[in-house]
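Numbering (our numbering), first residue to last: 6 to 174.
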């Protein structure tokens, strides 16, 4: 799959580094600042962008890994012109349906772990929870997750919210 990362923070960095070691291709990293996009893009050998208008429209998957409060504001602009593509966010506490009015294929890809750019984690041991609006897309997300982790589970938005809350404590 051709993948675009939206966000270049702790989780995006760790997830992009791990995915870049798989058969999937990261084609772009978007971040509000050129510096952040460039730092991660250089590590995963792809193009950095800091303008939403320059995000490619032909990727297979867009992984949105931004702060919860930025997620809902970003989605309408991101999905415009890409409605038939697949979008996932990585937030444990946000419902999958934030994409509902903007995309046909959407879901959640939630690695339940606290991440740091300075600390390498063993992704094989991290539980990854997925959810999607279709059975076919859920299978796709599980396939991607199983390349990264030995612990892949389906969890709906309410279950994930509870898991996220428990993990925080």
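Glycine is no exception: its CB is placed at the ideal position from the N, C-alpha and C atoms. Just so it is clear, the structure is predicted and the values come from calculations on it, not from any experiment.
Considering residue i, what are the terminal residues of the alpha helix (DSSP H) in which it resides?
i	result
residue 19	15-24
residue 81	73-84
Under the three-state reduction of DSSP, which class applies to residue i: helix, strand or coil?
i	result
residue 30	strand
residue 137	strand
residue 159	strand
residue 149	helix
residue 49	helix
residue 126	coil
residue 60	coil
Excluding the five sequence neighbours on either side, which residues of its own chain have a C-beta within less than 6 Å of the C-beta of residue i, listed in chain order?
i	result
residue 75	none
residue 70	12, 16, 17 and 95
residue 84	107 and 108
residue 66	6, 8 and 91
residue 132	117 and 156
Could you please give the first and the last residue of the uninterrupted beta strand (DSSP E) stretch that includes residue i?
i	result
residue 90	It is not in any beta strand (DSSP E) - residue 90 carries neither H nor E in the DSSP assignment.
residue 10	7-11
residue 111	110-116
residue 68	66-69
Between which residues of its own chain and residue i is the CB-CB distance below 7 Å, once the five residues before and five after are set aside?
i	result
residue 147	135 and 157
residue 99	73 and 76
residue 62	86 and 87
residue 151	157
residue 42	13, 34, 35, 36, 53, 54 and 55
residue 64	7, 8, 9, 32 and 90
Would the C-beta of residue i count as close to the ligand ZN, meaning under 7 Å from any of its heavy atoms?
i	result
residue 56	Looking at this structure, you won't find the ligand ZN or any other ligand, since it has none at all.
Return the chain-ordered list of same chain residues with a C-beta closer than 8 Å to the C-beta of residue i, the five sequence neighbours on each side being excluded.
i	result
residue 110	89, 90, 91, 92, 137, 138, 139 and 142
residue 22	48 and 49
residue 3	Any question about residue 3 goes unanswered here, given that the chain covers just 6 to 174.
Query raised in the report: Hey, is the stretch 48-68 in contact with the stretch 21-40, meaning 3+ C-beta pairs nearer than 8 Å?
Result: yes
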